[in-house]
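J.: Which chain is which? The protein sequence lines are U and F, in order. Sequential numbering from 145 applies to the first sequence in my numbering. Sequential numbering from 94 applies to the second sequence in my numbering. Let me give you the structure first, and then I'll get to my questions.
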Amino acid sequence: MAQQPLELILLRQLASYLAVPIWVADAEGNLIYYNEPAEGVLGRRFDEAGEISLAEVGGLFEICDQDGNPMPPNELPLAVALFEGRPTHGKVKMRGFGKPWMRVDVTAFPVEGQGGRVLGAAVLFWEIAAS
Amino acid sequence: MNVKLWGTRGSVPSAGHDFVRYGGNTSCVEVQAQEGWVTVLDAGSGVRALGETVGPEITRVDLLLSHLHMDHIQGLGFFAPLFTPDLDVHIWGPASTTLDMRERLARYLSPPLFPVLLRDLPCKLTLHNTPLGNFEVGSLSVEADLICHPGPTLGYRITEGGRTLAYMPDHEPALGFRSFQPEKEWTSGFKLAEGADVLIHDAQYTNDEYEGKIGWGHSALSHTLILAKAAAVGRLVTFHHDPAHTDAQLDQFHADAELECGEIDVPLIPGQEGLTLKV
Ligand SMILES: [Zn+2]
Ligand SMILES: [Zn+2]
């Protein structure tokens with residue numbers, strides 16, 4: 145495994161100290177880090193499961209808009225931050241398989257580093273209430 | 094490739110008889126390779142004396158700056174090659190996200206901090222935003238990467254004829270670790286250091302001092318040893334000594350570290366001003 149860019153290393157270090165659930169994705173959309181509070185969203189601990197590939201992420205939970213309509217993959221906050229290169233914020237419903245639906249505020253932002261390097265994205269979650 | 098240390102002190106020069114052997118000048122390292130060409134890492138106060146050795150046989154000078162903190166550029170205004178008419182001088186350093194090297198450097202090389210403007214220097218000056226990745230400087234293959242230190246800061250990995258020098262004068266790879274156990278994927282500077290024949294690295298603090306200076310961008314000597322071991326470097330040269338640490342204290346820190354070095358298994362070379370070594 146090659147060394148990650150400094151910006152992602154620093155983001156991981158910061159995320160590991162925060163109480164807000166955060167995912168850190170690389171430029172391909174693989175979850176290269178998620179902090180302990182994100183376990184509630186993913187059902188996995190980074191220390192045990194490690195990196196989660198983009199292909200695998202979609203299989204870990206269901207996500208839909210507030211009215212319960214499925215969201216197209218390119219409208220998911222991570223995809224918007226990563227592939228459109230802009231921050232995004234929205235309310236969604238999501239659940240891990242076998243778990244209750246959660247209403248969640250999601251903020252995603254692109255990680256563009258020094259020299260315009262597109263390095264990945266970060267996604268923050270805030271559970272509004274179980275429903 | 095040969096290397097000479099012209100300044101090994103961190104932060105601000107130290108003067109007086111307590112600082113004679115390790116030296117009081119701030120960061121400056123000369124890399125001697127291709128004939129007629131001088132390559133310099135950082136322009137701390139040590140660069141002034143280096144500049145005096147640049148004779149008429151030299152046709153090109155390349156100065157690679159790790160970053161623009163004062164202790165790495167304060168010798169620049171007193172570096173003779175900049176005042177040598179028509180000498181080809183190239184300065185490389187990190188741009189920021191909004192300013193290029195020329196704008197950033199001009200903040201120092203302009204009044205009121207310095208009486209001469211960059212554009213009035215008589216040498217043939219070219220400024221480069223150091224590219225992240227690989228580039229050539231004469232016979233040297235250089236790789237630059239961002240490393241953990243406040244503000245845009247580069248480490249350099251320089252290779253010639255299969256031998257490699259890594260240079261990270263200001264670096265805090267242990268930032269954010271609860272206990273520093275470098276992993277290749279998640280440690281700043283690992284890629285630059287990995288397998289280098291010689292690593293010149295920040296060793297500013299003792300463990301106790303580091304506890305009070307987390308986030309200041311520097312390493313405890315123990316962190317430097319741990320990184321050197323994890324990255325399997327050939328030899329470690331300590332650098333950027335704290336301006337308050339006397340020769341006697343530095344001897345003691347290195348002697349204590351050498352006890353650990355038995356396990357660490359990386360030859361430890363105290364970075365002293367004037368030291369030369371073959372990479
Ligand atoms: Zn410094
Ligand atoms: Zn610095």
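Glycine is no exception: its CB is placed at the ideal position from the N, C-alpha and C atoms. In this text the structure is predicted, and so the values were computed from the model without any measurement.
So the alpha helix (DSSP H) F/Asn-300 belongs to, where does it begin and stop?
T.: Taking the first residue of the second sequence as position 1, residue 300 of chain F is located at position 207. That run of the alpha helix (DSSP H) goes 300-304.
J.: Taking only beta-carbon positions, decide if U/Gly-203 is within less than 8 Å of chain F.
T.: By 1-based counting over the first sequence, the position of residue 203 of chain U is 59. No, U/Gly-203 lies away from the interface with chain F (no Cβ there is under 8 Å from its Cβ).
J.: By the three-class DSSP mapping on this structure, what secondary structure does U/Ala-182 have?
T.: Residue numbering aside, residue 182 of chain U sits at position 38 when the first sequence is read from its first letter. It is helical.
J.: Whose CA, out of F/Ala-126, F/Leu-169, F/Val-372, lies closest to the CA of F/Leu-218?
T.: Position 125 of the second sequence, counting from 1, holds the residue named residue 218 of chain F. Taking only the C-alpha atoms, the option nearest F/Leu-218 is F/Leu-169.
J.: Mind checking whether the beta-carbon of F/Gly-310 lies closer than 7 Å to any heavy atom of ligand 2?
T.: Here residue 310 of chain F refers to the residue found at position 217 of the second sequence. Yes, since a heavy atom of ligand 2 falls inside the 7 Å radius drawn around the Cβ of F/Gly-310.
J.: Using the rule of at least 16 other Cβ atoms within 10 Å of the residue's Cβ for burial, across every protein chain shown, is F/Tyr-249 buried or exposed?
T.: Locating residue 249 of chain F in the second sequence gives position 156, counting from the first residue. With 16 or more Cβ atoms within 10 Å of its Cβ, F/Tyr-249 is classed as buried.
J.: Tell me which same chain residues have a C-beta within less than 7 Å of the C-beta of F/Ser-107, skipping the five on either side of it?
T.: Taking the first residue of the second sequence as 1, we reach residue 107 of chain F at position 14. If we look at F/Ser-107 and ignore the five residues flanking it on each side, its Cβ neighbours are Gly-117, Pro-336.
J.: Since F/Asp-290 and F/Leu-258 should fall inside the 8 Å C-beta cutoff, what is the C-beta to C-beta distance between them, to a whole number of angstroms?
T.: Walking along the second sequence from the start, residue 290 of chain F turns up at place 197. Walking along the second sequence from the start, residue 258 of chain F turns up at place 165. That belief holds up - the Cβ atoms of F/Asp-290 and F/Leu-258 are roughly 7 Å apart, short of 8 Å.
J.: Taking the alpha carbon of F/Met-163 as the reference point, which residue from F/Phe-172, F/Ala-188, F/Gly-137 has its own alpha carbon closest?
T.: The count along the second sequence starts at 1 and reaches residue 163 of chain F at position 70. Of the listed residues, the one whose Cα sits closest to F/Met-163 is F/Gly-137.
J.: Starting from the Cα of F/Ile-307, find the closest Cα among F/Ala-323, F/His-242, F/His-334 and give me that residue.
T.: Counting from 1 along the second sequence, the entry for residue 307 of chain F is found at position 214. Among F/Ala-323, F/His-242, F/His-334, the Cα nearest to that of F/Ile-307 belongs to F/His-242.
J.: Scan the stretch 127-163 of chain F and note each continuous beta strand (DSSP E) run of 3 residues or more that stays entirely inside, going in chain order.
T.: Correct list: 130-134, 153-157.
J.: Roughly how many whole angstroms lie between the Cα atoms of F/Gly-327 and U/Pro-254?
T.: Here the question's residue 327 of chain F lines up with position 234 in the second sequence. Here the question's residue 254 of chain U lines up with position 110 in the first sequence. Their Cα atoms are separated by approximately 38 Å.
J.: Is any beta-carbon of chain F found at less than 8 Å from that of U/Ile-153?
T.: Counting from one through the first sequence, the residue named residue 153 of chain U turns up at place 9. Interface residue, yes.
J.: Just the C-alpha distance for F/Asp-238 and U/Gly-212, rounded to the nearest angstrom, thanks.
T.: Along the second sequence, read from residue 1 onward, the residue named residue 238 of chain F stands at position 145. Along the first sequence, read from residue 1 onward, the residue named residue 212 of chain U stands at position 68. Distance between the alpha carbons of F/Asp-238 and U/Gly-212 is about 45 Å.
J.: Taking only three categories from DSSP, how would you classify F/Met-194?
T.: One-based indexing of the second sequence puts residue 194 of chain F at position 101. Helix at F/Met-194.
J.: Between the stretch 264-271 of chain U and the stretch 94-109 of chain F, do three or more beta carbon pairs fall short of 8 Å?
T.: Touching, no.
J.: So the alpha helix (DSSP H) U/Ile-153 belongs to, where does it begin and stop?
T.: Taking the first sequence and counting its residues from 1, one reaches residue 153 of chain U at position 9. Looking at the DSSP string, the run of the alpha helix (DSSP H) that includes U/Ile-153 is 150-159.
J.: Is it a yes or a no for the stretch 284-299 of chain F touching the stretch 312-325 of chain F, going by three-plus beta-carbon pairs under 8 Å?
T.: Yes: at least three Cβ pairs fall under 8 Å.
J.: Report, in whole angstroms, the separation of the C-beta atoms of F/Val-122 and F/Leu-134, which I expect to be a contact under 8 Å.
T.: Within the second sequence, numbered from 1, the residue matching residue 122 of chain F stands at position 29. Within the second sequence, numbered from 1, the residue matching residue 134 of chain F stands at position 41. Correct: roughly 4 Å between the Cβ atoms.
J.: What is the DSSP secondary structure of U/Ser-275, reduced to helix, strand or coil?
T.: As a working note, residue 275 of chain U is residue 131 in the first sequence. Because U/Ser-275 sits at a pLDDT of 49, beneath the cut-off of 50, its placement in the model cannot be relied upon, and the point is left open.
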